[in-house]
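The opening position of the sequence shown corresponds to residue 46 in this note's numbering, with each subsequent residue numbered one higher.
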Amino acid sequence: MRKTIFLAAAVLCLLLSGCGAGNTKDTPDETPAAPVQTPASDETEVSDNTPAGPPAGSGETAASGFDLERRTVLLNNGIEMPILGIGTFRLSNEQAENSVYWALRDGYRLIDTARIYGNEEGVGRGIRKAIDEGLVTREEIFVTTKMWTDDFDDGAAAIDASLRRLGLDYIDLMILHHSQPRNDVAAYRAMEQAVEDGKLRSIGLSNYYTPDDFDRLVNAAAITPALLQNETHPYHQSTEMKDHLAQYGTVMESWFPLGGRGNTQTLFNDETISAIAAAHGKTSAQIILRWHLQAGNIAIPGSSNEDHIQENYEIFDFELTDEEMAQMTALDKNERFAAY
Ligand SMILES: NC(=O)c1ccc[n+]([C@@H]2O[C@H](COP(=O)([O-])OP(=O)(O)OC[C@H]3O[C@@H](n4cnc5c(N)ncnc54)[C@H](OP(=O)(O)O)[C@@H]3O)[C@@H](O)[C@H]2O)c1
46 MRKTIFLAAA VLCLLLSGCG AGNTKDTPDE TPAAPVQTPA SDETEVSDNT PAGPPAGSGE
106 TAASGFDLER RTVLLNNGIE MPILGIGTFR LSNEQAENSV YWALRDGYRL IDTARIYGNE
166 EGVGRGIRKA IDEGLVTREE IFVTTKMWTD DFDDGAAAID ASLRRLGLDY IDLMILHHSQ
226 PRNDVAAYRA MEQAVEDGKL RSIGLSNYYT PDDFDRLVNA AAITPALLQN ETHPYHQSTE
286 MKDHLAQYGT VMESWFPLGG RGNTQTLFND ETISAIAAAH GKTSAQIILR WHLQAGNIAI
346 PGSSNEDHIQ ENYEIFDFEL TDEEMAQMTA LDKNERFAAY
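Dropping the structure here:
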């Protein structure tokens with residue numbers, strides 16, 4: 046039923062054209078206070094086992110809604126969202142300001158931050174600098190932040206505080222940072238109200254790792270989540286969750302797209318990834334990021350390095366073949382790097 050509604054909305058939106066206003070076309074420790082926590086940042090989890098998953102193959106058509114020419118995806122609310130962005134986990138305010146500025150200068154239009162990263166002010170400064178220099182307009186960029194679990198009992202105040210720290214009139218996407226059955230529905234309702242009030246354009250979730258947990262929230266919601274941000278990379282491809290999300294038109298966004306700080310070399314030195322990289326004259330990072338996009342995952346690689354930021358955006362001038370996509374799919378170990 047929801048799928049039907051979503052499809053009808055998408056078709057209507059396409060017919061009317063220009064969906065989505067214009068054309069856009071983690072101390073931070075990501076661990077919530079409850080229910081599952083380790084202060085560190087790396088672990089292993091077993092959950093995603095579905096062998097099939099969404100079609101891994103051919104670029105533009107592999108992931109429904111992903112347009113690699115426009116570098117955007119149409120969300121289930123009709124808003125167009127960039128599919129490659131800059132992540133800011135573990136960046137100081139100063140680093141975040143620089144990374145955001147460099148990214149916008151290099152062509153990125155998507156920025157990911159969170160209240161718990163403590164760098165929303167720096168992100169806001171980087172945005173303003175790019176706007177002041179005429180590199181981008183506010184309407185061209187897509188800013189995501191996250192509501193931390195400690196704030197779930199007063200979501201309205203948390204939204205206002207993020208707006209203030211970012212220095213923005215509205216946020217393009219706000220997501221609940223972690224599942225927290227005790228009060229995440231209340232926090233989600235606060236985000237729904239903020240959509241009505243024009244403070245948020247889209248809302249979604251992060252760190253919901255089972256269909257049941259996702260449905261618990263969705264069944265209590267009036268607005269279907271536009272997006273789910275979960276740890277997703279070649280060794281943890283999230284196929285079960287992606288299959289489940291399809292009925293809602295909810296898109297997967299990958300955190301730790303490169304494996305996360307301290308783990309990247311594991312993926313970069315993977316024999317399959319290295320061989321594909323050599324075949325294309327690209328780096329392993331670029332191959333992994335291109336794979337995310339062709340597999341239908343929005344990717345937000347984090348970096349404080351000007352050269353890496355540029356490199357990570359130079360992935361629109363080549364395409365992985367169906368065979369290479371199949372090789373990448375075969376790398377799935379259903380293993381997470383993070384411990385939360
Ligand atoms: N929702 C959540 O719970 C959650 C959790 C974690 C992260 N996130 C979000 O997802 C984003 C991505 O995750 P992440 O930043 O933790 O991990 P990541 O993007 O997988 O990896 C970041 C690491 O990759 C390195 N790197 C980036 N580009 C590189 C390149 N071209 N060559 C070599 N090294 C490169 C970075 O180092 P340099 O700085 O030296 O480039 C950094 O050490 C975060 O920034 C954050 O916005 C969300």
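Here a beta-carbon is modelled for each residue, glycine too, at the ideal position from N, C-alpha and C.
* For glycine 171, is the classification buried or exposed, using 16 other Cβ atoms within 10 angstroms of its Cβ as the cut-off for buried? -> Taking the sequence shown and counting its residues from 1, one reaches residue 171 at position 126. Flag for glycine 171 reads buried.
Query raised in the report: Looking at the structure shown, is alanine 375 part of a helix, part of a strand, or coil, going by DSSP?
Result: Numbered from 1 along the sequence shown, position 330 holds the residue referred to as residue 375. It is coil, neither helix nor strand.
Run through DSSP, which three-state label would alanine 344 get? Position 299 of the sequence shown holds residue 344. Strand at alanine 344.
field: Element boundaries [beta strand (DSSP E), containing tryptophan 275]
entry: Here residue 275 is taken as the residue at index 230 of the sequence shown, counted from 1. Residue identity check: residue 275 is asparagine in the sequence provided, not tryptophan. Counting along the chain, the beta strand (DSSP E) containing asparagine 275 begins and ends at 272–276.
Self-check item: 9 angstroms Cβ cutoff met for alanine 383 and phenylalanine 301
Solution: As a first step, residue 383 is located in the sequence shown; it is residue number 338 there, counting from the start. As a first step, residue 301 is located in the sequence shown; it is residue number 256 there, counting from the start. Contact flag set, yes.
CA-to-CA distance, alanine 320 to serine 144, given in whole angstroms:
Here the question's residue 144 lines up with position 99 in the sequence shown. Here the question's residue 320 lines up with position 275 in the sequence shown. The straight-line gap from Cα to Cα measures roughly 29 angstroms.
With respect to 8 angstroms, is the separation between the Cβ of arginine 209 and the closest non-hydrogen atom of ligand 1 below this value?
-> Locating residue 209 in the sequence shown gives position 164, where the first residue counts as 1. Not under cutoff, so the answer is no.
Quick one: is proline 127 buried, meaning 16 or more other Cβ sit within 10 Å of its Cβ, or exposed? For the purposes of this step, residue 127 is identified with residue 82 of the sequence shown, where counting begins at 1. By the 10 Å Cβ count, proline 127 comes out buried.
Inset, instruction - Can you grab the Cα-Cα spacing for the pair asparagine 350 / phenylalanine 197, in whole Å? - result: Locating residue 350 in the sequence shown gives position 305, counting from the first residue. Locating residue 197 in the sequence shown gives position 152, counting from the first residue. Approximately 33 angstroms between the Cα atoms of the pair.
Pick out whichever of Thr190, Thr284, His281, Phe259 has its Cα sitting closest to the Cα of arginine 246.
-> Mapped onto the sequence shown, residue 246 falls at position 201. That would be Thr190, whose Cα lies nearest to the Cα of arginine 246.
Consider the C-beta atom of glycine 304 and the heavy atoms of ligand 1; say whether any pair is separated by less than 8 angstroms.
The count along the sequence shown starts at 1 and reaches residue 304 at position 259. Of the heavy atoms belonging to ligand 1, at least one sits nearer than 8 angstroms to the Cβ of glycine 304.
*asked:* My output table needs one value for glycine 123: the three-state DSSP class, helix, strand or coil.
replied: Here residue 123 corresponds to residue number 78 of the sequence shown, with the count starting at 1. In the structure shown, glycine 123 falls within a coil segment according to DSSP collapsed to helix, strand and coil.
Completely contained alpha helix (DSSP H) runs for the segment 288–318, where each covers 4 or more residues | The segment 288–318 contains these whole alpha helix (DSSP H) runs: 309–313.
_Just to confirm, is the Cβ distance from alanine 142 to lysine 174 under 9 angstroms?_
One-based indexing of the sequence shown puts residue 142 at position 97. One-based indexing of the sequence shown puts residue 174 at position 129. Note that residue 142 is glutamate in the sequence shown, not alanine. Yes, the pair counts as a contact, with Cβ atoms nearer than the cut-off.
Q. Within 10 angstroms of its Cβ, does aspartate 257 collect 16 or more other Cβ (buried), or is it exposed?
A. Reading the sequence shown from its first residue, position 212 is the one you call residue 257. It counts as exposed.
Q: Can you tell me which of Ile333, Glu364, Val296, Gly110 puts its alpha carbon nearest to the alpha carbon of leucine 303?
A: Within the sequence shown, residue 303 is the residue found at index 258, counting from 1. Ranking the options by Cα distance to leucine 303, first place goes to Ile333.
Is histidine 353 near ligand 1 - that is, is its Cβ less than 8 angstroms away from at least one heavy atom of it? By 1-based counting over the sequence shown, the position of residue 353 is 308. Histidine 353 Cβ: within cutoff of ligand 1.
- Query: Does DSSP put phenylalanine 111 in a helix, a strand or coil?
  - Reply: Within the sequence shown, the letter at position 66 stands for residue 111. Strand.
key: Near ligand 1: serine 283 beta-carbon under 8 angstroms from a heavy atom   = Reading the sequence shown from its first residue, position 238 is the one you call residue 283. No, since every heavy atom of ligand 1 falls outside the 8 angstroms radius drawn around the Cβ of serine 283.
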